[in-house]
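Written below as structure tokens is the structure these notes are about.
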Amino acid sequence: MAVLGIDFGTSNTAAGVLAGSRPFLIEVEPGRKTLPTSVFFDFDRKVTTYGSIANAALIDGREGRFMRALKSVLGTPLMHEKRQVAYERLTLIEVVARFLRMIRERAEAATGQTYDIALSGRPVRFHSTDDARNAQAEIDLRAAYLMAGFKDVHFMYEPEAAALASGPLDTGELGLIVDIGGGTSDFSLFERDGDATRIIASHGVRVGGTDFDRAISIDQVMPLLGRGSEVRNAIGTGRHTAPNAIFNDLATWQKIPFTYTPENKRMAADFAKLGVDPALFGRLQAVLDMELGHDIAFAVEAGKIHINKPDVAETGVDLRVVARDLWARFDKVQLGHILAPHAAEISTCAADTLRMADVTPDKIGKIVFVGGSSLLHVVENAMTTLFPQAALERSDAFTAVADGLAIAASRRLP
């Protein structure tokens, strides 16, 4: 029975099988072997679109509901709440199931095979400190796969899959997978004996690329919408600082669709009248009224990617969709300060992975970077500080997990 390997990611998704002796990744979009994990419910056409088409619908300003980073909600009560999504009532598990069904159907169309079983990647920890939510997250994801038409699903830690697909190690040395995805950071310490890969230890923490985006947005963008600014009391002469909750939610990919409530819009309108600097809160009001939260999030992500280029020292978040000539500008030094707490968590988790196996950092011969966020300078700097003697491998950062799942799927199950 054919098994389909699926790397269902917070930001991007890929699927693959083994063709001969090599992984074959499905063309999940025309000309592409990965697609954004995005869903758009088109109000006017009453259709659901996925991936780049969903992103384009949002950017083009089509009327509808856009969702991204749903993987980060797995294990939380939000997954089971029935809510009105465009033209129908759905739970988020049903939304994820539709996305996975689309992946299965495209894989079957591309290969001529029928896939009744999925081998799904999963982070080592969906939730860092909550064991109940961590367990529930896999239960939720399993339910979505079965709802998508698979008869069974098995799970494999994402960094362990990446280890299967990594290049050779020198005799006697150890390798470390550093998998920084959209929602989690995962590590696997491994060794090789010929073609056989042995996992020594795996560990993870709930920090990823969407957390980087959130930190940048809160620090650089949300003050331009009124975060930290004062509002005059409606009665009396006092003032108070605008509550942070609305700004934090607007900066969080998976919470953005739920910020456009009548209550939030009324609050923003009141702030625009009573704010000490009403222009700032006028921008907040515009963002909520025009539902521009995801436009801002994409702009933040683009700025993060741009400043990571070696020849770029300063970048800007393009906020002209909110107000004319509005930009949030920051440089590499500022970015380092903004992301320092996350880099520290990632470093601690990497060091803990070695401690679990009683291995010292000097034993690491190669670090394999996996996931788009692993390529950020702040991550590389953290890892080279911990493992100064290790060689760095980045060649398959975006597809290593899917490649490894395809290898494992060919063996039927890990």
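Following full-length UniProt numbering, the numbering of the sequence shown begins with 1 at its first residue and continues without gaps.
For every residue, glycine included, the Cβ atom is placed at its ideal position computed from N, Cα and C.
Keeping to the same chain, check which residues put their C-beta closer than 7 Å to that of residue i; ignore five residues upstream and five downstream.
| i | result |
| --- | --- |
| G316 | G303, W327, A328 and R329 |
| A97 | A144, M147 and A148 |
| L78 | L92 |
| A313 | D331 and K332 |
| P23 | G16, A165, D403, A406 and I407 |
| Q389 | D362 |
Helix, strand or coil for residue i? Go by DSSP, reduced to three states.
| i | result |
| --- | --- |
| K366 | strand |
| D152 | strand |
| P23 | strand |
| Q389 | coil |
| P36 | strand |
| T237 | coil |
| T399 | coil |
| P414 | Any reading at P414 must be qualified, since the residue scores a pLDDT of 45, below 50, and its modelled position is unreliable; no value is offered. |
| V231 | strand |
| A132 | helix |
Which same chain residues end up closer than 8 Å to residue i when comparing Cβ atoms and leaving out the 5 residues on each side of it in sequence?
| i | result |
| --- | --- |
| A397 | F369, V370, G371, G372, S374 and L375 |
| V95 | V39, M67, L70 and V85 |
| N264 | I246 and L288 |
| D211 | G183 and H342 |
| D116 | M1, A2, F150, K151 and D152 |
With a threshold of 16 other CB atoms inside 10 Å of the CB of residue i, please say whether the residue is buried or exposed.
| i | result |
| --- | --- |
| F8 | buried |
| N55 | buried |
| K82 | exposed |
| A279 | exposed |
| K46 | exposed |
| L413 | Unreliable placement is indicated for L413, whose pLDDT of 47 sits below 50; no coordinate value is reported for it. |
| residue 420 | Lying before the first or after the last residue shown, residue 420 is absent from the chain, which here runs from 1 to 414. |
| S410 | buried |
| P262 | exposed |
| A400 | buried |
| F281 | buried |
| T360 | exposed |
| F258 | exposed |
Could you give the residue range of the alpha helix (DSSP H) that holds residue i?
| i | result |
| --- | --- |
| I338 | K332 to M356 |
| G303 | G293 to I307 |
| Q84 | No alpha helix (DSSP H) contains Q84, which is instead part of the beta strand (DSSP E) from R83 to V85. |
| T210 | G209 to I216 |
| D270 | P262 to L274 |
| D289 | P278 to D289 |
| residue 458 | Nothing about residue 458 can be read from this structure; the chain reaches only from 1 to 414. |
| P310 | Here P310 belongs to no alpha helix (DSSP H), and DSSP marks it neither H nor E. |
| P168 | No alpha helix (DSSP H) contains P168, which DSSP labels as neither H nor E. |
Might you give, ordered along the chain, the residues of its own chain that have their beta carbon closer than 6 Å to the beta carbon of residue i, omitting 5 neighbours on each side?
| i | result |
| --- | --- |
| A268 | L284, Q285 and L288 |
| V205 | S128, S185, E345 and C349 |
| D295 | V321 |
| A340 | none |
| S188 | P159, E160, A163, I177, I199 and S202 |
At which residues does the beta strand (DSSP E) containing residue i begin and terminate?
| i | result |
| --- | --- |
| G226 | Premise fails: G226 is in no beta strand (DSSP E) and is neither H nor E. |
| S185 | S185 to D193 |
| D7 | V3 to F8 |
| residue 416 | Here the chain comprises residues numbered 1 to 414, so residue 416 is not present and cannot be evaluated. |
| A118 | I117 to R122 |
| T315 | E314 to D318 |
| R89 | E88 to L90 |
Checking the sheet assignment: what are the DSSP bridge partners for residue i?
| i | result |
| --- | --- |
| Q254 | In DSSP, Q254 forms no bridge with anything. |
| M67 | V39 |
| I177 | S188 and V368 |
| R198 | E191 |
| I139 | Beta-bridge pairing links I139 to no other residue. |
| E29 | R32 |
| H203 | F187 |
| V47 | D42 |
| N12 | P36 |
Is there a Cβ of chain C sitting closer than 7 Å to that of residue i, yes or no?
| i | result |
| --- | --- |
| Q334 | Checking the listed chains, one finds no chain C in this structure; it contains a single protein chain. |
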